[in-house]
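Participant: The number in the working numbering is simply the position in the sequence shown, starting from 1, with 642 added. Beta carbons are placed, not taken as given, at the ideal position from N, Cα and C, and that holds for glycine.
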Amino acid sequence: MSDQLVQKRRDGHVIRVDSKTSDRMRGIRQKDTKPEIVVRKLLHELGHRYRVRNRDLPGSPDVANRSRRWAVFVHGCYWHRHGCKATTTPKRNRAFWEAKFARNVERDAESAAALRKLGFTVVVVWECETKGDLAALRERLHSELNQA
Ligand SMILES: [Zn+2]
């Protein structure tokens with residue numbers, strides 16, 4: 643069965659995307675995958691206190707502690723280009739997508755640099771890590787944040 647194309651307007655372009663890409667653009671995720679919730683739960687278990695959606699910090703880190711000076715970003719592998727198997731690129735409008743993804747990656751690097759300049763330890767957690775070995779992720783958060 644051929645996939646139906648959906649017309650979308652993004653960044654001043656009108657593009658046609660397949661349904662999977664359309665869902666991604668609408669931020670639809672599988673029900674059992676709430677990467678941020680997983681990370682918050684692990685941080686809580688590790689005894690960390692934090693605030694969520696820190697809009698007043700560069701890049702609005704998903705979780706942060708200002709006094710301890712650490713910030714955690716929970717990045718979707720697709721939008722933020724992790725490089726794992728979730729990092730696919732739509733075949734249509736390839737140049738558009740590559741430019742968009744490149745901007746995301748650039749923005750991420752700028753946000754992290756700005757935070758480090760403010761003295762923050764910055765940790766990036768990838769969506770796929772929250773679906774895999776949680777003990778390993780827990781250990782990584784523990785060691786990286788205790789150096790903060
Ligand atoms: Zn990944």
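#1: Quick check for students: name the residue ranges of the alpha helix (DSSP H) that lie wholly in the stretch 643-671, counting only runs of 4 or more.
#2: Let me confirm a value: Leu760 is counted as buried when at least 16 other C-beta atoms fall within 10 Å, else exposed. Which label applies?
#3: Threshold first: 3 residues or longer. Then list the beta strand (DSSP E) segments lying entirely within the stretch 697-762, N to C.
#4: Report the option in His690, Ala744, Phe715, Lys662 whose CA atom is closest to the CA atom of Lys733.
#5: Pick out whichever of His655, Gln646, Gln649, Lys650 has its Cα sitting closest to the Cα of Ala741.
#6: Within the continuous alpha helix (DSSP H) that includes Leu787, where are the two ends?
#7: For Asn746, I'd like the list of residues in its chain whose CB is within less than 8 Å of its CB, leaving aside the five on either flank, ordered along the chain.
#8: Is the stretch 674-686 touching the stretch 761-780 in the sense that three or more CB pairs, one from each, lie closer than 8 Å?
#9: Among all the DSSP beta bridges, which residues are the ones paired with Arg693?
#10: On a Cα-Cα basis, can you pick out the residue from Tyr692, Arg682, Asp665, Arg658 that is closest to Leu779?
#11: Please find out if some non-hydrogen atom of ligand 1 comes closer than 7 Å to the beta-carbon of Ala778.
#12: Taking Val678 as part of the alpha helix (DSSP H), name the residues at either end of that continuous run.
Facilitator: Reading off the structure:
#1: 661-667
#2: By 1-based counting over the sequence shown, the position of residue 760 is 118. Label assigned to Leu760: exposed.
#3: 705-707, 712-717
#4: Locating residue 733 in the sequence shown gives position 91, counting from the first residue. Out of His690, Ala744, Phe715, Lys662, Lys662 has the C-alpha closest to the C-alpha of Lys733.
#5: Residue 741 sits at position 99 when you count from the first residue of the sequence shown. Here the closest residue by C-alpha is His655.
#6: Mapped onto the sequence shown, residue 787 falls at position 145. 776-788 is the extent of the alpha helix (DSSP H) around Leu787.
#7: One-based indexing of the sequence shown puts residue 746 at position 104. Taken in chain order, the residues that qualify are Trp721, His722, Arg723.
#8: yes
#9: In the sequence shown, residue 693 corresponds to position 51, counting from 1. DSSP output for Arg693 lists Ala706 as bridge partner(s).
#10: By one-based count along the sequence shown, residue 779 stands at place 137. Minimum Cα distance to Leu779 is reached at Arg682.
#11: Counting from 1 along the sequence shown, the entry for residue 778 is found at position 136. No.
#12: Here the question's residue 678 lines up with position 36 in the sequence shown. Note that residue 678 is Glu in the sequence shown here, rather than Val. Residues 677-687.
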